[in-house]
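Novice: Under numbering that gives the first Met the number 0, the sequence shown has 224 at position 225, and the numbering climbs by one with no breaks.
Can you keep this structure in mind? I'll have questions shortly.
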Amino acid sequence: MVARRLACVDTTLQDPLVGQVLDGRYRIDARIAVGGMATVYRAVDTRLDRVLALKVMHPSLAVDGSFVERFIREAKSVARLAHPNVVQVFDQGTDGSYVYLAMEYVAGCTLRDVLRERGALQPRAALDILEPVLAALGAAHRAGFVHRDMKPENVLIGDDGRVKVADFGLVRAVDTVTNTTGTVLGTVSYLAPEQIENGTADPRVDVYACGVMLYEMLTGDKPHDGDSPAVILYKHLHEDVPPPSAAVPGLAYELDEMVASATARTPDIRPHDAVALLAQVRDGRARLTAEQLDVLPPQALRADHDNADDRTSVIPRGLAAPRPLPVNEDEEGSGAAIDRTSRFESPPPPPPSPSRRRPGSRRGPTAIVVAVLLVLGLGAGVWYVNSGQFTEVPPLLAKTQDQAEDRLADAGLDLGKVEHAYSDTVERGQVISSDPKAGTRIRGNDSVSITISDGPRNVRVPALEGRRLDKARDSLKEDGLEPGMVTREFSEDVPKGAVISARPADGTKVRAGTAVALVVSKGSPIDIPDVTGDDLADARSELLDAGLKVKVAAERVNSSEYDRGQVAEQSPAPGGTAAEGDTVTLTVSKGPEMVEVPDVVGDSVDDARRKLEGAGFQVDEDRGLLGLFGDEVKGQSVEGGETAPKGSAITIRIR
């Protein structure tokens, strides 16, 4: 898939962590990529002697509990996904001010690197990449998670051709609202309209992003462009993604159909998750010929841009015509697992008109002092503010209560209220957050309140057997757990619609937020009776007595086997099993199709047989003793010009 390895490793060695050993275990050998939240390194696990990728949060962000919570969420989420196309997370920990994730190292490059190097891809290569991506996302969707930031930077292609999805750092539960503060986190070029409008994210936002990526792979460019992120957001909301064949003539209609389905602006029209889209892609691919899969795109179609719109950004919702803040292009990260956070603001109001000074007015002593201070760069004022009246709240995250109190005392501050809360990412007894937060300027001798971690909240899976599915889901949510994938099985003992079992099993102690898979009863299996050949009323009665519902097909069919009004077909077929309340569809016979019989008297036997069989009849011969050696038809069982059931036998007499 990738003819040669594209350079992905930053060889800059002026990094203080290169050559160091984190947590007494992970030796950092090289820096791979730098982003707004973290830096990714190639490292060696000295304990297990294996190469891995180490994602280290920038120390400046590690003092903020909310950033750490979001960073660690990736480890929690991906650790639940055991799938060959998902980058595996091995470990998570802290070492001083460094918070890190230890992840699978994929030697190779990102899909973004491939698009920069190659431009548009042949349909075969594009689908070879898309299918494992959808398989990975499908596993996440069925486990109850949404990626929310799918883009070429997060698709890794190994030197061995394996495709893996990385950076589940923005992952959320399927039913979780992304944001309620008027902003949405994501990458401008791949945001679904509903993410922009109301911030909600279900599996269909990943489906939309994959549709955009497929368009980009087939054409070498993104479907929506513009002079600013706001223009691109507007196009996502108001313009359909164009068919890729408009940019690359010769692409098959099936490819246009895949893109159109995945990027429908109305979520309900899209496939409901990545599993459904994968089935659609495979079905469409099966209809393509080898020539259609190997269409060569024009060499000019090459993704050539500055990637300003490829960064994960904080984007205000309901933005009319925003002005993007300047972006330092030198700070762009090249790693697929790194988020770049930027913000878009509306244009500032015009400056106020300069005030007019009345003629003859004089500046007083205060004005003169202010002017002098301004000329001196406000030096005196700054010196006064920093001379002890104000101080900054020191970093307290991951400190014990005693350590936090000592740090506050060193800063001239008092320890205020101490609260406790559960945390999946901060060890028991350590500080989760402070109020005011680290870096806030407050007056000396003020107090700072802290929240101490009680460790992860562990709960027991409730007893769910026998409960109806909706009640079981409510019970899981009340206990701080998430309803997971539902499968259905027949059961002689558990009523239809009630839970047979849960995984993990009831009574198991798990972390809050764990997804619990449910097996739900389809009721006792019912043998489907054979009602073909029965009158419709009798067939309906027999099926209803068996506990099944009946639907009669609108269209009737001709049948030479069954008389008019009898059941000619049934679905599901007889002999199988169904659940109580399942529907059996019956198709009623219109009787045999009547066909005009050809007149074959006087014809040779071969000609007569050819005419009758051509009209849909079977042919029997009656030669008698006198016709053993004859070849002329002297009579026929149904006279020519009359009608007979199609498929019935016509006897010809030969003399």
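In this text, a Cβ means the ideal position worked out from N, Cα and C, and glycines have one as well.
Have a look at the DSSP bridge pairing and note the partners of Arg467.
Specialist: Note: Arg467 sits in a beta bridge opposite Ala497.
Novice: So, with DSSP's three-state summary, where would you put Asp409?
Specialist: Reduced to three states, the DSSP call for Asp409 is helix.
Novice: Got a sec, what are the start and stop residues for the beta strand (DSSP E) Gln635 sits in?
Specialist: 632 to 635 is the span of the beta strand (DSSP E), which, as asked, contains Gln635.
Novice: Would you check if the distance between the CB atom of Val105 and the CB atom of Leu155 is smaller than 8 Å?
Specialist: Yes, Cβ-Cβ distance for Val105 and Leu155 is below 8 Å.
Novice: Can you check DSSP and say which residues form a bridge with Ile156?
Specialist: Per DSSP, Cys108, Val162.
Novice: Using the Cα positions of Gly506 and Val460, report the straight-line distance between them to the nearest angstrom.
Specialist: Straight-line Cα distance between these residues: approximately 5 Å.
Novice: To the nearest angstrom, how far is the alpha carbon of Pro15 from that of His57?
Specialist: Cα to Cα, Pro15 sits roughly 12 Å from His57.
Novice: Should Thr262 go down as buried or exposed, given a rule of 16 or more other Cβ atoms within 10 Å for buried?
Specialist: So Thr262 ends up on the buried side.
Novice: May I have the straight-line CA-CA distance separating Lys150 from Asp28, to the nearest angstrom?
Specialist: Whole-angstrom Cα-Cα distance: 28 Å.
Novice: I want to know whether the region 199 to 217 touches the region 245 to 262 - three or more CB-CB distances under 8 Å.
Specialist: Output reads yes: the region 245 to 262 touches the region 199 to 217.
Novice: Buried or exposed for Gln429, going by 16 or more other Cβ atoms inside 10 Å?
Specialist: So Gln429 counts as buried.
Novice: Is the beta carbon of Leu547 less than 8 Å from the beta carbon of Ile525?
Specialist: Yes, they are a contact pair.
Novice: Thinking C-beta only, is Ser588 closer than 8 Å to Ala567?
Specialist: Yes; because the gap between Cβ atoms is below 8 Å, this pair is in contact.
Novice: Using a 10 Å radius around the Cβ and a threshold of 16 neighbouring Cβ atoms, would you call Glu491 buried or exposed?
Specialist: Label assigned to Glu491: exposed.
Novice: Buried or exposed: which applies to Tyr252, given that a residue is buried once 16 or more other Cβ atoms fall within 10 Å of its Cβ?
Specialist: Looking at its Cβ environment, which holds fewer than 16 other Cβ atoms inside 10 Å, Tyr252 is exposed.
Novice: Where does Thr218 fall in DSSP's three states?
Specialist: Three-state DSSP puts Thr218 in a helix.
Novice: For the beta strand (DSSP E) holding Tyr252, just list the boundary residues, first then last.
Specialist: No beta strand (DSSP E) holds Tyr252; the alpha helix (DSSP H) holding it covers 252 to 261.
Novice: Taking the straight line between their C-alpha atoms, what separation do you get for Pro243 and Ser570?
Specialist: Pro243 and Ser570: Cα-Cα distance of roughly 40 Å.
Novice: Going straight from the alpha carbon of Gly249 to that of Val230, what length do you get?
Specialist: Their Cα atoms are separated by approximately 30 Å.
Novice: For Lys495, which of Thr513, Glu477, Arg467 has the nearest alpha-carbon?
Specialist: Cα-wise, what sits closest to Lys495 is Arg467.
Novice: Look at the alpha carbon of Leu254 and the alpha carbon of Gly283, and state the distance between them as a whole number of angstroms.
Specialist: Each residue's Cα considered, the two are about 7 Å apart.
Novice: What is the rounded straight-line gap between the Cα of Leu60 and the Cα of Arg41?
Specialist: Between Leu60 and Arg41, the C-alpha separation is close to 21 Å.
Novice: So if DSSP puts Phe628 in a beta bridge, which residue, or which two residues, is it bridged to?
Specialist: Answer by DSSP bridge pairing: none, since Phe628 is not bridged.
Novice: Just grab the DSSP bridge partners of Arg147 for me.
Specialist: Paired residues: none, contrary to the question.
Novice: Should the region 571 to 582 be regarded as contacting the region 614 to 631, the criterion being three or more beta carbon pairs within less than 8 Å?
Specialist: Contact fails: fewer than three Cβ-Cβ distances are below 8 Å.
Novice: Tell me the rounded alpha-carbon separation between Lys54 and Val294.
Specialist: Their Cα atoms are separated by approximately 39 Å.
Novice: I'd like to confirm the pairing. Which residues does DSSP put opposite Ala101 in its beta bridges?
Specialist: Looking at the DSSP assignment, Ala101 forms a beta bridge with Leu53, Asp90.
Novice: Measure from the alpha carbon of Ala553 to the alpha carbon of each residue in Thr586, Arg203, Ala278, Glu481, then state which is nearest.
Specialist: Closest by alpha carbon: Thr586.
Novice: Here's a check: name, in chain order, each residue in its chain whose Cβ is nearer than 8 Å to the Cβ of Thr390, leaving out the five neighbours to either side.
Specialist: Hits under 8 Å: Ala410, Gly411, Leu412, Arg440, Ile441, Arg442, Gly443.
Novice: Which same chain residues, not among the five before or five after Pro358, have their C-beta less than 7 Å away from its C-beta?
Specialist: At Pro358, the pLDDT of 36 sits below 50, so the modelled position is not reliable and the matter cannot be decided from this model.
Novice: Take the Cβ of Ala370 as the centre, count every other Cβ of all protein chains shown within 10 Å, and call the residue buried at 16 or more, exposed below.
Specialist: Here Ala370 scores only 39 on pLDDT, less than 50, and its place in the model should not be relied on; the value that follows carries that caveat. With fewer than 16 Cβ atoms within 10 Å of its Cβ, Ala370 is classed as exposed.
Novice: Let me check one thing: in DSSP terms, what residues is Asn197 bridge-paired to?
Specialist: Paired residues: none, contrary to the question.
Novice: Can you grab the Cα-Cα spacing for the pair Thr45 / Arg24, in whole Å?
Specialist: Straight-line Cα distance between these residues: approximately 5 Å.
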